[in-house]
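So the sequence shown is residues -11 to 410, counted in the working numbering.
A short write-up of the structure that comes next.
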Amino acid sequence: MNCKVNADISDSKMISEGIGLGTGEGVDTTGDKPVLSSENHNQRSEFSHHDRSARFLQRFYPGIDRSEWNNYRWQLRKRLTSLADFERIMQLSPDEANALTSGDRRFSVGITPYYASLIDPDNPNDAIRKTMIPATDELVDSPGEMADPLGEDSHSPVPGIVHRYPDRVLFLITDFCPVYCRYCTRSRLVGGNAEFDINMDQWRNAIDYIRATPSIRDVLISGGDPLVYPDDKLEWLLSSLKQVKHVEIIRIGTKIPFVMPQRITMELTEIFKRYHPIYMSVHVTHPREVTPESSQACERLADAGIPLGSQTVLLKGVNDSVEVIRLLVHELLKIRVKPYYLLQCDPIKGSSHFRTPIQTGIDIISQLRGFTSGYAVPHYIVDLPGGGGKVSLVPEHLTSRNGNELIFTNYEGKPGFSYFEP
Ligand code: SF4
């Protein structure tokens, strides 16, 4: 089906309709794309302040106080999206400037001020910067690359739903993200790139499909980033899904704890507590994303009883070494996030500069397994192009078999360990 998305969180119908709930949300049309605004600044979202972000705030947003910086609506309104925005805070390389102004660029650009504060302004090879600032390499298509490598569009029975596995669905509720990752699997959909009008009717139709399909016991809410919606919309969605008897668990996929942690207010976590079991897959790429602020956001979610698992895309020149991944998984465990998936980068168009050989991922896992606790070792996953689904790749330790004797090599590479099967 046509699963194009052209939704944004300001969808006027969605706001004005108010889905029968209290509204109080307005639409702010400043910036590249309208975003939700509200004068409800009294949400309990006080966050600790990193020295780095304090310096960044003082330098680039003089006159803005911490309470504004800590308000996620301010972070959304002040997203950096243009050449001029980026030139104000960093020294762009000629390639970055070309990519930012190229008429051929196919994918939106956007970064919250908070996330921009994590970027080294003087180093074009900075890991986080490479994931956010476009390069002209993303204009080059390579063999095997596709707009929709996972075949999501062909597994979509109704707009907004991807039903690929028997007992669960992916529910895409928005095309909007606070930041746009250059390697995004759904770059064909997010950032207003296509024509898919996500509105309340679509949400209702998607929920109707879930209600009418008893095999669905697990709903993964994603997008775009679902947590861009205001509390009342999210609560309406969660309560609607909770009323479907066969839906046993709800999962939410989000990068917001690491790119706009200010969104994780105590009010939001109170809502989540009412709709358990809720699980959360948090998208994190690099250990430098684990800051006092993102740690606080993850701890709030964990304190609300939400099991947190990470999803990390393996990216060339960003995190494709055992040292970086080891540091990341250890930092995640400290903030109660279980390293869950290390994902091979999907072959979207213009992604070859990010994609590593498969062996790189296997080597990283083999250098973690045994050398650190099993809790720290993620599954290394390839999501098979064409909609084949996820497969997990593991280093090979079984080297031979002689009758009921199996011969293994251990995690250190020492051969000759026997196990006798009964
Ligand atoms: S946050 Fe997720 S959906 Fe949004 S651009 Fe990044 S990878 Fe894509």
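From the three backbone atoms N, C-alpha and C, an ideal C-beta is built for every residue, glycine too.
These figures come from a predicted structure and were not determined experimentally.
Are the segment 126 to 140 and the segment 185 to 194 touching, with three or more C-beta to C-beta distances below 8 angstroms? no
For D114, does the count of other Cβ atoms within 10 angstroms reach 16, so buried, or fall short, so exposed? buried
Within 8 angstroms, strictly: CB atoms of Y197 and I149: yes
Three Cβ pairs or more, each shorter than 8 angstroms: is that satisfied between the segment 161 to 176 and the segment 118 to 128? yes
What are the boundary residues of the alpha helix (DSSP H) that K230 is part of? 219 to 230
Can you tell which of M254, L208, A292 has its C-alpha closest to the C-alpha of S269? L208
Using DSSP's beta-bridge definition, name the partner residues of S298. V270, P327
Let me know the beta strand (DSSP E) ranges lying completely inside the segment 117 to 186, each 3 residues or longer, listed in chain order. 149 to 153, 156 to 160
Who are the Cβ neighbours of D20 in its own chain at under 6 angstroms, not counting the five residues just before and after it? Unreliable placement is indicated for D20, whose pLDDT of 34 sits below 50; the coordinate value is still reported in the next sentence. So the qualifying residues of the chain are T69.
Which residues share a DSSP beta bridge with S388? I395
How many Å lie between F408 and H385 at the Cα? 15 angstroms
Per DSSP, what kind of secondary structure is D16 in: helix, strand or coil? Below a pLDDT of 50, predicted positions are generally treated as unreliable, and D16, at 37, falls in that range; the measurement from the model is reported next regardless. Strand, per DSSP.
Would you decide whether S105 is buried or exposed? Buried here means 16 or more other CB atoms lie within 10 Å of its CB. buried
From R199 to V232, what distance separates their C-alpha atoms? 6 angstroms
Let's test the definition: count the other Cβ atoms within 10 Å of the Cβ of H151 and tell me whether it reaches 16, buried, or not, exposed. buried
Nearest residue (CA-CA) to G377, options D92, S41, V157: V157
Give me the Cβ distance between N58 and E34, rounded to the nearest whole Å; I'm assuming they're in contact under 8 angstroms. 6 angstroms
Delimiting residues of the alpha helix (DSSP H) encompassing D110: From DSSP, D110 is part of no alpha helix (DSSP H); its letter is neither H nor E.
Express the C-alpha separation of A85 and E75 in angstroms, rounding to a whole number. 9 angstroms
Own chain, CB closer than 6 angstroms to T11, minus 5 neighbours either side, in chain order: In this prediction, T11 scores a pLDDT of 30, lower than 50, which makes its location untrustworthy; no coordinate-derived value is stated.
Give the straight-line distance between the Cα atoms of A290 and R343, rounded to the nearest whole angstrom. 32 angstroms
I need the DSSP call for P22, collapsed to helix, strand or coil. At P22, the pLDDT of 32 sits below 50, so the modelled position is not reliable; the number obtained from the coordinates is stated separately. The answer is coil: DSSP assigns P22 none of H, G, I, E or B.
Would you identify the three-state DSSP class for P410, choosing helix, strand or coil? coil
Taking only three categories from DSSP, how would you classify L9? Its pLDDT being 29, under 50, L9 is placed unreliably in this model, and the coordinates cannot settle the point.
Report yes if the CB atom of F246 is closer than 8 angstroms to the CB atom of V216, and no otherwise. no
Nearer than 7 angstroms: is that true of the beta carbon of K118 relative to any heavy atom of the ligand NAD? This structure does not include the ligand NAD; its bound ligands are the ligand SF4.
Taking all protein chains shown into account, decide if R389 is buried (16 or more other Cβ within 10 angstroms of its Cβ) or exposed. exposed
Which of helix, strand or coil DSSP assigns to I(-3): Its pLDDT being 36, under 50, I(-3) is placed unreliably by the model, and nothing is read from it.
Touching by the beta-carbon criterion (3+ pairs, under 8 angstroms), the segment 252 to 270 and the segment 218 to 229: yes
Simplified DSSP state of T253, which is helix, strand or coil: coil
Three or more C-beta pairs under 8 angstroms: does that hold for the segment 334 to 342 against the segment 122 to 130? yes
Let me check understanding here. Comparing Cα to Cα, which of Y328, F164, T387, I313 lies closest to L356? I313
Alpha carbon to alpha carbon, what distance is there between A42 and P383? 44 angstroms
Supposed contact pair I259 and L222 - C-beta distance, whole angstroms, cut 8 angstroms: 6 angstroms
Please classify R40 as buried or exposed, where buried requires at least 16 neighbouring CB atoms within 10 angstroms. exposed
Taking the DSSP output, what are the residues bridged to D206? R156, I237
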